[in-house]
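> So the sequence lines, in the order shown, correspond to chains B and P. Numbered continuously in my numbering, the first sequence closes out at residue 77. Numbered continuously in my numbering, the second sequence closes out at residue 406. Below: one structure in structure tokens.
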Amino acid sequence: MAKNEPKPIEALTYEEAFAELERIVAALESGEHPLEESMSLFERGQALTKRCAELLDKAELRVQALVGESLADFKEE
Amino acid sequence: MEQLALFDAAPRWTVSKLTRHLRQLMEADPELQGVWVQGEISNLSRPASGHIYFTLKDPGAALRCVMWKSEAARLRFAPQDGMAVEAHGSIGIYEVSGQYQLYTDSLLPMGEGALYQEFLRLKALLEAEGLFDPDRKRPIPASARRIGIVTSPTGAALRDILNTLRRRMPLAEVTLAPTPVQGEEAPATLVRALQSLNQVVAPEVILLARGGGSIEDLWAFNDERVVRAVSGSHAPVITGVGHETDITLVDFAADLRAPTPTAAAELATAITVLDLRQALIEMAQILEGSMRALFERQRTLLEGFQSSLRFYSPLRAVQTERQRVDELSRRGNAGQAHRLEMTRVRSVGLENRLAALSPLAVLQRGYAVVTKNKQVVVSRVQVQDGDALRVRVRDGEFDARVAGDG
Chain B
1 MAKNEPKPIE ALTYEEAFAE LERIVAALES GEHPLEESMS LFERGQALTK
51 RCAELLDKAE LRVQALVGES LADFKEE
Chain P
1 MEQLALFDAA PRWTVSKLTR HLRQLMEADP ELQGVWVQGE ISNLSRPASG
51 HIYFTLKDPG AALRCVMWKS EAARLRFAPQ DGMAVEAHGS IGIYEVSGQY
101 QLYTDSLLPM GEGALYQEFL RLKALLEAEG LFDPDRKRPI PASARRIGIV
151 TSPTGAALRD ILNTLRRRMP LAEVTLAPTP VQGEEAPATL VRALQSLNQV
201 VAPEVILLAR GGGSIEDLWA FNDERVVRAV SGSHAPVITG VGHETDITLV
251 DFAADLRAPT PTAAAELATA ITVLDLRQAL IEMAQILEGS MRALFERQRT
301 LLEGFQSSLR FYSPLRAVQT ERQRVDELSR RGNAGQAHRL EMTRVRSVGL
351 ENRLAALSPL AVLQRGYAVV TKNKQVVVSR VQVQDGDALR VRVRDGEFDA
401 RVAGDG
């Protein structure tokens, strides 16, 4: 596991969550971790799966418009 | 008179020979073999053959024209009587009727002819510079998250693009660089929109789009400045300008040309939200599978430890010794009994140390040894709802109760 604290699940983007899920699955499949650690990896994996599914369900296209050199929310007509 | 001498001679020409001569004169004249002529269509007919026959008129004269089926198939509009057009082709004679006519290979609504010439000139120029070279084309990312759009904020093109992106990849973050897409100022603002988009948001891909329109409407997309801005864009550009049949110069400079704005949005989202969902389901299955496999492996390992422990247990030896102690005590051999008692105590110590040794490695890793009535529980069939259990973990033991046997 990484030495620094993992980001809280709810702060992860889809890409980050899915990438971590892939790493966890690879770690579990290697079978090199003690049981206790494997259990917590598995639990985090499940939480990541849930996070990814939520992000997919809730995803809403974000549209902004350039106004000069800055960005503003764009409302469709 | 001189002229009489001519009349004296027998006719040198047949009608056929003369007509052929005239035809050859015309065909030898380069000016007549590539003419652009403007006029108004009249007497248009399109028989079953598919060829088009018409007359081009102006107030002073008329010109017969024919357009063969193969050329007529490429027309981007339906010519009609009364329409002002520009026709390109070669002048020849239809010998059977002695009629000279324009064999038309290209027919455009009035005004478009000049634009088309300009289009060809600019295309040749930019092509020679290498702006359209295939090896300049950059790959389009399969799952871009930051998508830039350069189009009119009020056009149908934007609506089509946003609907398509919303349906295919709602995780995307879209930045619109709004700009007019036709008119005098359009080329300059299109260039600025492309540049600001690259500078401010650095999108992974840019869609340059406009809905359908006449060749004049689309003209900004043939502007040299715009074409250069497309080829100079940091992010790869997908064009979706006009309809299927419209080709503009930005299409040649773009990294990918889409036939419509909707198609451009589709090409920018090769991987859709459905693909992500499928991948997630598969990943979740692998995750659970790997955990099940891990438990299975550990259980097998643990069962191996259990039988080894039982086999090597000093308990049997201790029991044998105990029996001998009892026997000797009965015989009143106190001294011997004492010696054996000491051996028993040592054996029990050994037993404890041994027992602590092997399972310790297992317990340290998070295992618990569960017993019911001193029997190790290795299978769920050994327990029932409500059974009292003893659980041994790394640093001690505690009681537990089965809260359900499902």
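Just so it is clear, CB atoms sit at the ideal spot from N, CA and C, and this is done for glycine as well. Treat the numbers as computed from the prediction; the structure is a model and nothing was measured.
What is the rounded straight-line gap between the Cα of P:Ile215 and the Cα of P:Ala72?
To locate residue 215 of chain P, count along the second sequence from 1; it is residue 215. To locate residue 72 of chain P, count along the second sequence from 1; it is residue 72. Those two C-alpha atoms are separated by around 18 Å.
> Between the stretch 65–76 of chain B and chain P, which residues of the former have CB atoms less than 7 Å from a CB of the latter, in chain order?
Here the close residues are Ala65, Leu66, Glu69, Leu71, Phe74 and Glu76.
> In its own chain, which residues sit with a C-beta less than 7 Å from the C-beta of P:Thr272, not counting the 5 before and 5 after it?
To locate residue 272 of chain P, count along the second sequence from 1; it is residue 272. Excluding residues within five positions, the ones whose Cβ falls inside 7 Å are Arg168 and Met169.
> Check each residue of the stretch 2–22 of chain B: if its Cβ is closer than 8 Å to any Cβ of chain P, include it; give the result in chain order.
From the stretch 2–22 of chain B, only Tyr14, Glu15, Phe18, Leu21 and Glu22 have a Cβ closer than 8 Å to chain P.
> According to the neighbour-count rule (16 or more other Cβ atoms, all chains shown, within 10 Å of its Cβ), is P:Glu296 buried or exposed?
The residue labelled residue 296 of chain P in the question sits at position 296 within the second sequence. It counts as exposed.
> Ordered along the chain, which non-local residues of its own chain (more than five positions away) have a Cβ less than 8 Å from that of P:Leu357?
Taking the first residue of the second sequence as position 1, residue 357 of chain P is located at position 357. At P:Leu357 the pLDDT is 47, less than 50, meaning the model places this residue with poor confidence and gives no usable figure here.
> Would you give the residue range spanned by the alpha helix (DSSP H) that B:Gln64 belongs to?
Position 64 of the first sequence, counted from the start, is the residue given in the question as residue 64 of chain B. Taken as a continuous stretch (DSSP letters only), B:Gln64 belongs to no alpha helix (DSSP H), being part of the beta strand (DSSP E) at Arg62 to Val67.
> Pull up the CB-CB distance for P:Ala253 and P:Val230, whole angstroms please, since I reckon it's below 8 Å.
Here the question's residue 253 of chain P lines up with position 253 in the second sequence. Here the question's residue 230 of chain P lines up with position 230 in the second sequence. With a Cβ gap of about 4 Å, P:Ala253 and P:Val230 count as contacting.
> Please check the pair P:Leu294 and P:Tyr367, which I expect to be a contact at CB under 8 Å, by giving their CB distance rounded to whole angstroms.
For the purposes of this step, residue 294 of chain P is taken as residue 294 along the second sequence, with counting starting at 1. For the purposes of this step, residue 367 of chain P is taken as residue 367 along the second sequence, with counting starting at 1. Not confirmed; about 12 Å, so no contact.
> Considering only residues of the same chain and omitting the five flanking positions on each side of P:Ser45, which have a CB-CB separation below 6 Å?
Residue numbering aside, residue 45 of chain P sits at position 45 when the second sequence is read from its first letter. These residues qualify, in order along the chain: Tyr53.
> Under DSSP, the beta strand (DSSP E) around P:Arg401 begins and ends at which residues?
On the second sequence, position 401 is the one that residue 401 of chain P refers to. Looking at the DSSP string, the run of the beta strand (DSSP E) that includes P:Arg401 is Gly396 to Arg401.
> Report the CB separation of P:Leu102 from P:Cys65 in whole angstroms; it is logged as a contact under 8 Å.
If you number the second sequence from 1, residue 102 of chain P lands on position 102. If you number the second sequence from 1, residue 65 of chain P lands on position 65. P:Leu102 to P:Cys65, Cβ: 4 Å. Contact.
> Where does P:Pro236 sit, in a helix, a strand or coil, going by DSSP?
To locate residue 236 of chain P, count along the second sequence from 1; it is residue 236. Reduced to three states, the DSSP call for P:Pro236 is coil.
> Does any residue of chain B bring its CB to less than 7 Å from the CB of P:Met291?
Numbered from 1 along the second sequence, position 291 holds the residue referred to as residue 291 of chain P. Chain B contact via Cβ: present.
> Just to confirm the assignment: which complete beta strand (DSSP E) runs, minimum length 3, are found wholly within the stretch 97–132 of chain P?
99–109, all fully within the stretch 97–132 of chain P.
> For P:Glu86 versus P:Met110, is the C-beta spacing smaller than 7 Å?
Taking the second sequence and counting its residues from 1, one reaches residue 86 of chain P at position 86. Taking the second sequence and counting its residues from 1, one reaches residue 110 of chain P at position 110. Yes, they are a contact pair.
> Excluding the 5 residues preceding and the 5 following P:Val201 in the sequence, name in chain order all residues of the same chain whose CB lies nearer than 7 Å to its CB.
Residue 201 of chain P sits at position 201 when you count from the first residue of the second sequence. Cβ neighbours of P:Val201 beyond the five flanking positions: Arg146, Gly148 and Thr175.
> Classify B:Ala72 as buried or exposed, calling it buried when 16 or more other Cβ atoms lie within 10 Å of its own Cβ.
By one-based count along the first sequence, residue 72 of chain B stands at place 72. Exposed is the call here.
> Would you call P:Tyr312 buried or exposed, if buried means 16 or more other Cβ atoms sit within 10 Å of its Cβ?
Sequence index remark: in the second sequence, residue 312 of chain P carries index 312 (1-based). The residue in question, P:Tyr312, is exposed, as its Cβ has fewer than 16 Cβ neighbours within 10 Å.
> Specify, as a first and last residue, the run of the alpha helix (DSSP H) that P:Ala157 falls within.
The residue given as residue 157 of chain P occupies position 157 in the second sequence. Residues Ala156 to Arg168.
> Got a sec? Which residues, its chain only, sit under 6 Å from P:Pro187 by beta carbon, not counting five neighbours each side?
In the second sequence, counting from the first residue as 1, residue 187 of chain P sits at position 187. Excluding sequence neighbours, P:Pro187 sits near Ala220, Asp223, Arg225 and Val226.
> What does P:Tyr367 reach in chain B if we use C-beta pairs closer than 8 Å?
Translated into positions along the second sequence, residue 367 of chain P becomes position 367. The answer, in chain order, is Leu35.
> Please state whether the Cβ-Cβ distance between P:Ser196 and P:Ala177 is less than 7 Å.
By one-based count along the second sequence, residue 196 of chain P stands at place 196. By one-based count along the second sequence, residue 177 of chain P stands at place 177. Cβ distance < 7 Å, so P:Ser196 and P:Ala177 count as in contact.
> List the whole-angstrom C-beta distance separating P:Val377 from P:Thr371, where the pair is believed to meet the contact cut-off of C-beta under 8 Å.
By 1-based counting over the second sequence, the position of residue 377 of chain P is 377. By 1-based counting over the second sequence, the position of residue 371 of chain P is 371. That belief holds up - the Cβ atoms of P:Val377 and P:Thr371 are roughly 6 Å apart, short of 8 Å.
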